[in-house]
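The sequence shown begins at 29 in this note's numbering and counts up by one. Report on one structure; see the data block that follows.
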Amino acid sequence: MDIEAMLFTRGLSVGYDHALVSNIDLDVFPGDIIGIIGASGIGKTTILRTLAGLIPPFRGSLEHSLVKNGELGYIPQRLGLVRHASVEHNVALGARATARKPPAGTSNRQWKATVTREAINAMGLTEKTREPVRRLSGGQQRRTATARTLAQRPRIILADEFLSELDAENVEMVFGAIHRLVKEDGSALVVVEHNVERAFRYCTRVLRVRDGRLHPVQGGESE
29 MDIEAMLFTR GLSVGYDHAL VSNIDLDVFP GDIIGIIGAS GIGKTTILRT LAGLIPPFRG
89 SLEHSLVKNG ELGYIPQRLG LVRHASVEHN VALGARATAR KPPAGTSNRQ WKATVTREAI
149 NAMGLTEKTR EPVRRLSGGQ QRRTATARTL AQRPRIILAD EFLSELDAEN VEMVFGAIHR
209 LVKEDGSALV VVEHNVERAF RYCTRVLRVR DGRLHPVQGG ESE
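Set out below in structure tokens:
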């Protein structure tokens, strides 16, 4: 049986007053971890924002039925955290946005408390649970934003350079949590990544924005 794409585009062009990247044909399947690489300022973030439904397609089609169901998670460069509130409060916002139903015999409140705690632990923030976000380092804030999205239990995560400010150990931890979500829930990740080596290491597919197009690339290809 063919696996159905959770998100797909046909002839998609993205941009504002003009197209930055054109004719994107992209299928996102369960289990995909897709890295988007390329130079700064050429449309990578615009692609992600369009896929997230934050800006309309400039041209072409984008199909998914997940956004209205709360099953699409977005991690922007500007994290959108409530800085005066605790890590727990911020992560709980993701749990509240989930479209998933609690297991039988578990109340909705109990389940959301559980997924909040699990996401905090997965990001190595257990000791910072009650800490106001404004007191965290930049890397800890990025892990908080990632935990918030994990608590949402989305089918697709769209992440814009969410690994910046993280050291190698924390990158391993974050991607380990993402891999578990992808494997256990049949989810997918589409990530804009400035670190090309990291993209090829962790992603199942890598796409490069170049000359106004989105091209598939292999690990051995040069810039």
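Every residue, glycine too, gets a C-beta built ideally from N, C-alpha and C. Quick caveat, the model's predicted, so the values are computed rather than measured.
Residue i vs residue j beta-carbon contact at 8 Å
| i | j | result |
| --- | --- | --- |
| Q105 | T157 | no |
| E193 | R229 | no |
| V56 | A216 | yes |
| L90 | T37 | yes |
| T134 | L153 | no |
| F86 | A120 | no |
| R241 | S68 | no |
Cα-Cα separation between residue i and residue j, rounded to whole angstroms
| i | j | result |
| --- | --- | --- |
| I83 | R77 | 6 Å |
| G71 | P131 | 41 Å |
| G88 | R176 | 32 Å |
| H207 | R226 | 15 Å |
| L79 | G39 | 13 Å |
| S252 | V210 | For residue 252 there is no data in the structure shown, the boundaries of the chain being 29 and 251. |
| K140 | N118 | 13 Å |
| M34 | G214 | 10 Å |
| Q138 | R145 | 11 Å |
| P244 | E221 | 15 Å |
| M151 | A205 | 8 Å |
| I52 | V42 | 9 Å |
| G98 | D239 | 34 Å |
| L54 | N136 | 35 Å |
| I75 | G81 | 10 Å |
| G108 | Q246 | 34 Å |
| A12 | E212 | Nothing can be reported for residue 12, as the shown portion of the chain is limited to 29 through 251. |
For residue j and residue i, believed in contact at Cβ under 8 Å, the rounded distance
| i | j | result |
| --- | --- | --- |
| F190 | V219 | 7 Å |
| T174 | V199 | Between V199 and T174 the Cβ distance is about 11 Å, and since that is not below 8 Å, they are no contact. |
| I65 | V224 | 5 Å |
Buried versus exposed, by CB contacts within 10 Å (16 or more), residue i
| i | result |
| --- | --- |
| A187 | buried |
| E32 | exposed |
| H92 | buried |
| Q168 | buried |
| R44 | The amino acid occupying residue 44 in the given sequence is Tyr; Arg does not appear at that position. Label assigned to Y44: exposed. |
| A196 | exposed |
| V237 | buried |
| E155 | exposed |
| N149 | exposed |
| G263 | Because the chain is modelled from 29 through 251, residue 263 falls outside the range shown and cannot be assessed. |
| V110 | exposed |
Short CB-CB distance (under 8 Å) between residue i and chain D
| i | result |
| --- | --- |
| K140 | Absent here is chain D; the protein component of the structure consists of one chain. |
Should the segment 108-120 be regarded as contacting the segment 149-164, the criterion being three or more beta carbon pairs within less than 8 Å? yes
Any chance the segment 118-133 sits against the segment 173-188, with 3 or more Cβ pairs inside 8 Å? yes
Answer yes if the segment 53-66 comes into contact with the segment 232-248, meaning at least three C-beta pairs across the two stretches below 8 Å, and no otherwise. yes
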